[in-house]
Amino acid sequence: MRGVGPKRADALRERGLATLGDALAHLPRRYLDLRRRDSIAALREGLDAVVEGRLEGLTIRARRYGRFRSASRAWIRDAAGARLRVVWFNLPSYAEFPTDEPVLIVGRVAAAPEGGLQIVHPEVHRLAAGETPAIRPIYALPAGVPQRLFGELVAAALRCAPDDRLGAIPAEMRMRENLPGARAAFARLHLPPPDTDFAALADGATAAHHALALDEMFAFQLSLARDRIRSRARAGAALERKADGAAARFLAALPFRPTAAQLKVILEFDGELAATSQMNRLLLGDVGSGKTLIAFWAALRAAEAGWQAAIMAPTELLAEQHFRNFQQIAGGGCGYLSALLTASVAGAERARLLRALERGEIPIVFGTHALIQRSVRLARLGLAVIDEQHRFGVFDRARLLALGAQANVLLMTATPIPRSLALALFRNLDVSILDEMPPGRAPVATRVLREPASGEAYAAMRAEIAAGHRAYCVAPLIEDDEDGGGASVAALAKNLGRELPGARIGTMHGRMRAAEKERVMRDFRDGRLDAIAATTIIEVGIDVPEATVIVVTAAERYGLAQLHQLRGRVGRGGAPGRCFLIASANAGGPALARLETLARSSSGADVAHEDLRLRGPGDLFGSRQSGALALSFATFIRDPAIITRAADLAAEWLARDPKLESEASAGARFAIRKLLNSGFSLGDVG
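All letters in the sequence shown, in the order written, are residues 1073 to 1758 by my numbering.
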């Protein structure tokens, strides 16, 4: 393309913009409404201004030093008589200034060196020459790529993009649903017409946004539905049920009665595990709802049927906790051997364990990423359980499943997702939901405070530590940056040293080596530390019954679902839990209201619904790495009904064209290929 040399091409490619199709899918970051008119008297520094008036007092001066060869200055006077200075540098000598005629000036207001305000390098539109653009798109672009040039790339893409490649939804279905065509939708977002509702455009809530989001989700749901059909036909390990087997004895021997929700989920699993087709299930449950108990039961079902079970957790401490709890709750495994395989298991012990697994002598193994190393072989894997599945990448999960082609799959997550959204987003899986907490566990009392009124939180930490309990303190950053305002683990640790005299304080964050993090968390669990200053790395951690208070600083920076996960770290023992959400001093009213919503909600389902309403679905699919799902327009989905509608349309179309062979399915075939080429794998079952 003209204007795109090697340097600009490389810069665009680094942003994922290599083709005209990429440019078309790169929607504007924001818009500037040129239909409005700003009064010069009301302008403020840092705002985008649209000023109508006349240019006067033009001067052009040559410069002998600095990076600019010339400076051109003028004044624009609006209808009220107010004046604003405008400045251009290095304008070509042939530039014609439309002085003494109506013009429109568009640009960012800045402080002038001598005081007052000015606009540097504004756009100038001659009103006498015809209509100006009504709405200007503003794109997020790398340095050195002008907005005007990118606009030309988008215009070229709109001219030459083939109609049958732009939309996944077949034309007849699109007409029935009263949806604009994909080309028309793109055109309305890149080149908004003068009658566009600017508020809806800026909010991502126009019919064009809706159409593109629905179209993309239609392709995604087609992929899921086809994968579900294939998986239903895939042979699976049939875990034969035994009335008096280890799984039944395990439930009977529990010192407490499982919740009704747990028993319901176990009943759902029971028949599926005994079937000859492969089970693919996602188990959603709030922190502390008892997901691990169900995993233990399923592992024993595999063992008693003569198969092996592997349970993979994201951290060594969590894997170790699962192993110890299994030993304790299941009475040493109800007669079946179990083992722990992590990076810490080395030398002769590791070699012995690997041989026993390969021979099938150990039916149940707990572990971390160590389970998916090349040296690991399992004789007869019948069940693969992945805890906190969103913490693993696609290929991590695929490697575990590669240990046994017939293995039944159970994914578990505590990420709060509304039921309706989960059922729509994970249609390639069967979804089970634990919507009941065990009796006796009180909700964590949550308080919202605002800097600098955080003394109450630190007083609570001192009191809890004095009573023999432990505390978490969370910050969004590892080290302060220019905008950090002290919201870092480093600053937090210093502050805790002052606020908690005599307390033993540790720090934990993502830049630490795995062994360091494990050591800090183990010291905290075993009582060698009283408090931890950490990032959200503790969101997935071990159970520390003595942890009773958590303080989250700069709490407005987090989503409600993540804050709910964090407060789930405390109150897991006999003592009640307390959570303090400390908002920054500059946090606005809406941010504080959002935090107050969390303080009033104890249910993960309620939190998920509110988070979805406020932030959209976000990244519900796990680690965004190679192989993770990349949706271009999902941020515009404000209503789960769009996802559900896309799923229904996909099911309807597959019933008519199961192999997507018809001419009407050409766009769908292309969209699915594009999804697969982006790195998304249908093996990513969660």
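Each residue gets a CB set at the ideal place from its N, CA and C atoms; glycine is no exception.
Fair warning: this is a prediction, and the values are worked out from it, not measured in the lab.
> Residues in its own chain within less than 7 Å of residue 1132 by CB, not counting five upstream and five downstream?
Replying inline: 1142, 1144
> When the distance is taken between beta carbons, is residue 1640 closer than 9 Å to residue 1620?
Replying inline: no
> Could you give the distance in angstroms between the alpha-carbon of residue 1292 and the alpha-carbon of residue 1244?
Replying inline: Cα to Cα, the separation comes out at about 19 Å.
>> Spatial neighbours of residue 1607 within its chain, please: C-beta separation below 8 Å, excluding the five flanking residues on both sides.
In response: 1546, 1547, 1548, 1549, 1550, 1561, 1580, 1581, 1582
> Can you check whether the CB of residue 1353 is closer than 9 Å to the CB of residue 1453?
Replying inline: Contact: no.
>> Please return the same chain residues whose Cβ sits closer than 6 Å to the Cβ of residue 1564, not counting the five positions on each side in sequence.
In response: 1545, 1547, 1605
> CB residue 1475 to CB residue 1481, shorter than 9 Å?
Replying inline: It is not a contact, given that the beta carbons lie outside the stated cut-off.
> On the premise that residue 1457 lies in contact with residue 1333, defined as a C-beta separation below 8 Å, what is that separation, rounded to the nearest angstrom?
Replying inline: Contact between residue 1333 and residue 1457 is absent: CB atoms are separated by about 18 Å, not below the 8 Å threshold.
>> Once DSSP output is grouped into helix, strand and coil, what is the label at residue 1119?
In response: coil
> So what does DSSP say about residue 1620, is it helix, strand or coil?
Replying inline: strand
> Hey, quick one: how far does the alpha helix (DSSP H) through residue 1431 stretch, first residue to last?
Replying inline: 1419-1431
> Thinking C-alpha only, which one of 1721, 1270, 1391 is nearest residue 1615?
Replying inline: Restricting attention to 1721, 1270, 1391, the CA atom closest to the CA of residue 1615 is found in 1391.
>> Contact between the segment 1083-1098 and the segment 1191-1205 is defined here as three or more beta-carbon pairs at a separation below 8 Å; is this criterion met?
In response: no
> Counting pairs of beta carbons, one from the segment 1622-1639 and one from the segment 1586-1600, are three or more of them closer than 8 Å?
Replying inline: no
>> Using the three-state DSSP reduction, which class does residue 1124 fall into: helix, strand or coil?
In response: strand
> Looking only at its own chain, which residues have a Cβ that is under 8 Å from the Cβ of residue 1460, when we skip the five neighbours before and after it?
Replying inline: 1385, 1386, 1390, 1484, 1485, 1486, 1612
>> Quick check: is the beta carbon of residue 1653 nearer than 9 Å to any beta carbon in chain B?
In response: Structure shown: chain B not included; a single protein chain is present.
> For residue 1185, which of 1248, 1743, 1230, 1117 has the nearest alpha-carbon?
Replying inline: 1117
> If we count the other Cβ atoms within 10 Å of its Cβ and call it buried at 16 or more, is residue 1689 buried or exposed?
Replying inline: Reliability of the predicted coordinates at residue 1689 is poor, the pLDDT of 48 falling under 50, and the value obtained from them is presented with this limitation in mind. Burial call: buried.
> Which stretch, first to last residue, makes up the beta strand (DSSP E) that contains residue 1147?
Replying inline: 1142-1149
> Thinking C-alpha only, which one of 1676, 1567, 1422 is nearest residue 1505?
Replying inline: For residue 1505, the closest of 1676, 1567, 1422 by C-alpha to C-alpha distance is 1676.
> Would residue 1376 be called buried (16 or more neighbouring beta carbons within 10 Å of its own) or exposed?
Replying inline: buried
> Whose C-alpha, out of 1216, 1126, 1241, 1426, is nearest the C-alpha of residue 1725?
Replying inline: If we check each option's Cα against that of residue 1725, 1241 comes out closest.
> Looking at C-alpha atoms only, which residue of 1237, 1190, 1113 is the closest neighbour of residue 1147?
Replying inline: For the residues 1237, 1190, 1113, the minimum Cα distance to residue 1147 belongs to 1190.
>> Do residue 1623 and residue 1526 have their beta-carbon atoms positioned less than 9 Å apart in this structure?
In response: yes
>> Considering only the alpha carbon of each residue, which of 1178, 1130, 1417, 1157 lies closest to residue 1108?
In response: Here the closest residue by C-alpha is 1178.
>> Which runs of the beta strand (DSSP E) at least 3 residues long sit entirely within the segment 1170-1246? Give them in chain order.
In response: Listed in chain order, they are 1174-1183, 1189-1192, 1195-1198, 1207-1210.
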